[in-house]
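Everything below concerns the one structure shown next.
2 protein chains.
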Amino acid sequence: MGKNYSSGFKAAGIASGLKKNGGKDLGMIFSEVPASVAGIFTTNKVQASSVILARKRIQSGTCQAIIVNSGNANCCTGSKGMQDTLSMSGFASAELEIPDEHVLVASTGVIGEPIPLDKIKSAVPDLIHELKPDGIADLAESIMTTDTVPKVVTATGKIGGKSYAVTGVAKGSGMIRPNMATMLCFVWTDIKISPAVLQEALLASADKSFNRITIDGDTSTNDMAIIMANGLSDAVVNGASQVESFRAVLDDVLIKLARMIVKDGEGATKMVEITVKGAESDADAIKVAETVAHSNLVKTAFFGEDANWGRIIAAAGRAGVPVLPDSIDIFFDDVQMVKDSMGCGKAVEAETTRILKKPEFGIVIDLNMGEGEASVVTCDFSIDYVKINADYRT
Amino acid sequence: MGKNYSSGFKAAGIASGLKKNGGKDLGMIFSEVPASVAGIFTTNKVQASSVILARKRIQSGTCQAIIVNSGNANCCTGSKGMQDTLSMSGFASAELEIPDEHVLVASTGVIGEPIPLDKIKSAVPDLIHELKPDGIADLAESIMTTDTVPKVVTATGKIGGKSYAVTGVAKGSGMIRPNMATMLCFVWTDIKISPAVLQEALLASADKSFNRITIDGDTSTNDMAIIMANGLSDAVVNGASQVESFRAVLDDVLIKLARMIVKDGEGATKMVEITVKGAESDADAIKVAETVAHSNLVKTAFFGEDANWGRIIAAAGRAGVPVLPDSIDIFFDDVQMVKDSMGCGKAVEAETTRILKKPEFGIVIDLNMGEGEASVVTCDFSIDYVKINADYRT
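Take a look at the structure:
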């Protein structure tokens with residue numbers, strides 16, 4: 000058994016008054032010593048000031064604290080928005096007595112409204128007072144928006160007999176889609192690793208996790224995934240096999256967080272893994288899987304527990320990659336529903352309808368052309384998704 | 000005043016038993032003489048046999064009849080599907096006593112179920128018996144699926160003092176998106192025009208109409224737009240100015256049909272025209288307009304009558320084209336809501352919320368970069384959309 004927390008990290012989450020409902024809305028992760036840092040950011044051309052600042056500051060490779068708020072995205076707020084982000088960083092660095100450039104800021108919430116900076120200013124001392132090694136749950140709660148559950152994953156690993164831990168928190172639930180880790184995710188570990196190797200590991204793990212999930216196809220202006228590694232354990236990454244070992248642990252944490260995000264997708268009642276195989280290339284397989292995973296018609300059919308494979312095949316056909324229109328096979332879990340692009344009959348349909356009633360199942364689409372394969376995890380598209388998003392600001 | 004119907008065309012629509020509710024489900028358009036024909040078809044790689052056959056047959060430039068059914072797409076039905084499509088054509092051509100290759104077949108409905116050919120066979124004589132110059136309404140009804148209203152538009156034009164008419168019927172409502180006229184649309188006119196000129200005119204008009212609307216971003220396997228011109232009026236197209244004059248009339252018909260389709264979009268309560276200007280190119284403007292028009296978050300905000308411009312700007316930012324993130328203006332009808340990517344305040348928001356309560360309104364997004372401009376017409380995304388599509392087959 001390894002230890003199940005990272006040495007030298009503390010976290011906190013408190014209510015500062017940004018959320019109308021009085022919930023926790025201000026969080027912090029703090030490392031007792033400067034840590035290696037890596038990050039990935041939204042690909043949206045319109046980016047919050049927090050994203051712009053974090054992207055710049057991680058270039059130094061060092062970070063010691065992240066201050067994060069929910070309830071306000073501080074995006075599309077002009078030059079005042081950036082001033083406010085810098086002020087948030089300043090409040091934290093002054094109180095923590097660390098260099099300002101070692102602080103990152105993250106924000107999530109409504110776009111286009113000025114952030115009530117005075118509330119944050121007066122809350123920061125309390126926030127820092129609350130920092131503790133087991134403050135993870137409070138932090139996870141403080142970054143939630145339409146999330147219904149906090150999302151925390153911890154894993155441990157060993158390098159040369161030396162234990163280290165990796166802990167991640169995430170929020171998501173809407174505005175999630177492949178192309179970037181479009182949500183907030185903060186990961187910390189006490190492994191010793193260089194910023195460059197950490198960045199590569201984060202990119203690789205994101206490609207297997209956050210870039211393989213979708214809720215509604217939208218991409219946020221604010222999203223980022225940041226990892227800090229403070230080296231306070233005795234586990235040191237300094238060779239290829241150690242990198243591989245660490246990546247496996249990181250993959251595990253990020254894939255679990257990504258699946259938690261889909262499962263808690265806005266209004267989601269089902270989590271569905273769309274696997275495409277037999278494509279001409281992995282890239283083609285990704286395109287088909289994403290097109291099926293994004294299709295509103297497919298997702299509403301999942302919600303309706305309707306084994307409407309015609310919508311799946313129609314989505315596959317419009318993915319913009321070669322398919323053999325008469326040679327597609329489709330499986331629901333291990334039940335073959337479609338062979339050579341034709342239905343396998345009413346008896347099979349009864350079986351697949353039972354599968355569709357499950358909270359989690361898989362769809363396999365075999366294009367029967369080549370060796371390309373990829374999976375994307377999606378959720379169904381429910382009446383509650385519309386309700387949540389029609390009423391979000393009111 | 001020109002005449003308001005095309006000479007020599009008859010239409011009909013009857014119930015053949017394909018629809019569970021006993022509604023009209025079999026229709027025909029017939030020209031007393033062979034007509035010039037043009038068509039555009041779904042870009043989906045998976046295509047119904049009716050699409051494959053029609054695409055082939057219009058190469059001859061001549062068509063005299065279209066037989067169309069709703070209630071069954073006859074797609075993903077293997078080689079029997081194509082045999083059944085050929086049989087449908089054969090029933091019609093035998094009874095009409097015209098060459099089989101001058102008949103087109105169209106189908107719409109559920110994918111993947113064999114079409115009950117015996118029902119169609121026994122209904123064809125009745126269908127042909129019902130053909131009449133004013134059978135348009137019956138035809139329009141017979142092609143409806145989840146449509147709630149039939150869609151017919153008639154326009155008239157004059158060339159050199161000679162009148163002609165253009166009549167179009169369409170069905171749509173789900174599986175509509177740019178990239179092709181993804182629905183069924185049949186247009187007929189008594190103008191005299193060559194198939195090649197007719198094809199160009201259809202493509203140009205579709206680019207202004209069907210390719211500028213979206214309901215849910217899905218693309219059907221079965222969709223086609225066909226135009227027949229039988230030359231039985233004295234209006235003859237044989238010069239550039241006459242082509243232009245005809246195109247204007249055809250534009251009018253197709254744009255009206257396209258807007259009717261959006262207005263009757265599945266569950267739609269609002270029709271919204273998204274106009275993007277100031278883009279670097281028209282192509283960029285189209286991409287931004289389509290991304291906004293497709294965004295589930297934008298569309299649910301419309302349904303919720305929430306002037307959530309942050310979602311509009313976030314969608315514009317992820318369209319994959321250059322934008323100046325701090326220089327975007329947004330108008331709701333003629334009220335400016337966003338200037339330089341920042342909100343214009345609560346007073347304006349109250350005004351825009353009133354606009355959002357209207358059944359039709361426009362959004363203008365000015366990127367302030369260049370001269371590129373484009374519009375896409377979309378609808379809101381409602382609870383009923385999910386209900387309709389979750390329950391479609393049950």
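Chains A and B, in that order, give the protein sequences. Residue numbers for the first sequence follow numbering that gives the first Met the number 0, beginning at 0 and rising by one. Residue numbers for the second sequence follow numbering that gives the first Met the number 0, beginning at 0 and rising by one. We put the beta carbon where it would ideally sit given N, CA and C, even for glycine.
- Query: Does the Cβ of Asp263(A) have 16 or more other Cβ atoms within 10 Å, making it buried, or fewer, making it exposed?
  - Reply: buried
- Query: Taking Cβ-Cβ distances below 8 Å as the criterion, which residues of the segment 127-149 of chain B are in contact with chain A?
  - Reply: none
- Just confirm the distance between the C-beta atoms of Ser162(A) and Ser232(A), as a whole number of angstroms; I'd bet it's less than 8 Å. 7 Å
- Query: Which of helix, strand or coil does DSSP assign to Thr144(B)?
  - Reply: coil
- Item | Euclidean distance between Cα positions of Val151(A) and Lys157(A) | 21 Å
- Message: Please report the straight-line C-alpha distance between Asp137(A) and Pro149(A), rounded to a whole angstrom.
- Response: Whole-angstrom Cα-Cα distance: 9 Å.
- Would you mind telling me which residues of chain A sit closer than 7 Å to Lys357(B), beta carbon to beta carbon, in chain order? By Cβ distance, chain A contributes nothing, its closest Cβ being about 16 Å from Lys357(B), past 7 Å.
- Message: If contacts are defined as beta-carbon pairs under 8 Å, then Trp187(B) and Met143(B) qualify, I think. What distance do you get, rounded to the angstrom?
- Response: Your pair Trp187(B) and Met143(B) does not check out as a contact, with CB atoms roughly 19 Å apart and the cut at 8 Å.
- Message: Rounded to the nearest angstrom, what separates Leu253(A) and Ser78(B) at their Cα positions?
- Response: 46 Å
- How big is the Cα-Cα spacing for Ala288(B) and Asp332(B)? 15 Å
- Item | Interface positions of the segment 71-96 of chain B facing chain A (Cβ-Cβ less than 8 Å), listed along the chain | Listed by position along the chain: Ala72, Cys74, Cys75, Thr76 and Gly77.
- Item | Outcome for Asn405(A) when other beta-carbon atoms lying within 10 angstroms are tallied against a minimum of 16 | Chain A is shown from 0 up to 393; residue 405(A) falls before or after that span and cannot be answered.
- Message: Taking the beta carbon of Ala349(A) as the centre, do at least 16 other beta carbons fall within 10 Å, making it buried, or is it exposed?
- Response: Its Cβ having fewer than 16 others within 10 Å, Ala349(A) is exposed.
- Starting from Thr84(A) and walking both ways along the alpha helix (DSSP H), at which residues does that stretch end? Element bounds for Thr84(A): Gly77 to Leu95.
- Starting from the C-beta of Asn178(B), find all residues in its chain whose C-beta is less than 6 Å away, skip the five residues before and the five after it, and write them out in chain order. Only weak support is given to the placement of Asn178(B): the predicted model assigns it a pLDDT of 37, under 50, and the question is left unresolved by the model.
- Using a Cβ-Cβ cut-off of less than 8 Å, give me the residues of the segment 46-75 of chain B that come near chain A, in sequence order. Gln46, Ala72, Cys74 and Cys75
- Message: Below 7 Å on C-beta distance, what does Gly371(B) contact in chain A?
- Response: Within 7 Å Cβ-Cβ: nothing; Gly371(B) doesn't reach chain A, min ~16 Å.
- Query: Taking the continuous alpha helix (DSSP H) assigned at Thr351(A), which residues delimit it?
  - Reply: Lys345 to Leu355
- Identify, in the order they occur along the chain, each residue of the same chain with its Cβ nearer than 6 Å to the Cβ of Ala234(B), setting aside the five sequence neighbours on each side. Ile158, Lys161, Tyr163 and Ile190
- Going by DSSP, what residues sit across from Phe209(B) in a beta bridge? According to DSSP, which records beta bridges pairwise, Phe209(B) is partnered with nothing at all.
- Would Ser381(A) count as contacting chain B if we go by Cβ distances under 8 Å? yes
- Message: Beta-carbon within less than 8 Å of Asp339(B)'s beta-carbon, same chain only, minus the 5 sequence neighbours each way: which residues are those?
- Response: Asp325, Ser326, Ile327 and Asp328
- Message: Which same chain residues end up closer than 6 Å to Ile97(B) when comparing Cβ atoms and leaving out the 5 residues on each side of it in sequence?
- Response: Gln63
- Item | Inter-residue spacing [alpha-carbon to alpha-carbon] between Asn229(B) and Val32(B) | 7 Å
- Message: Helix, strand or coil for Gln335(A)? Go by DSSP, reduced to three states.
- Response: strand
- Message: Give me, in chain order, the residues of the same chain whose beta-carbon lies closer than 6 Å to that of Ser280(B); leave out the 5 immediate sequence neighbours on both sides.
- Response: Gly371
- Message: Between Ala300(B) and chain A, is any beta-carbon pair separated by less than 8 Å?
- Response: Interface flag for Ala300(B) against chain A is set, since a Cβ pair is found closer than 8 Å.
- Task: Would you identify the three-state DSSP class for Thr299(A), choosing helix, strand or coil?
- Result: helix
- Query: Terminal residues of the continuous beta strand (DSSP E) containing Ile311(A)?
  - Reply: Where Ile311(A) is concerned, there is no enclosing beta strand (DSSP E), although the alpha helix (DSSP H) it sits in stretches over Trp308 to Gly316.
- Message: At the level of alpha carbons, what is the spacing between Val36(B) and Gly266(A)?
- Response: 47 Å
- Query: Under 8 Å, do Ser48(B) and Met81(B) count as touching if we go by C-beta distance?
  - Reply: In this structure, Met81(B) lies closer than 8 Å to Ser48(B) by Cβ.
- Message: Does Gly238(B) pass the burial test, meaning 16 or more other C-beta atoms within 10 Å, or should it be called exposed?
- Response: exposed
- Message: At the 8 Å Cβ level, is Met270(B) part of the contact set with chain A, yes or no?
- Response: no
- Val252(A) (DSSP reduced to helix, strand or coil): helix
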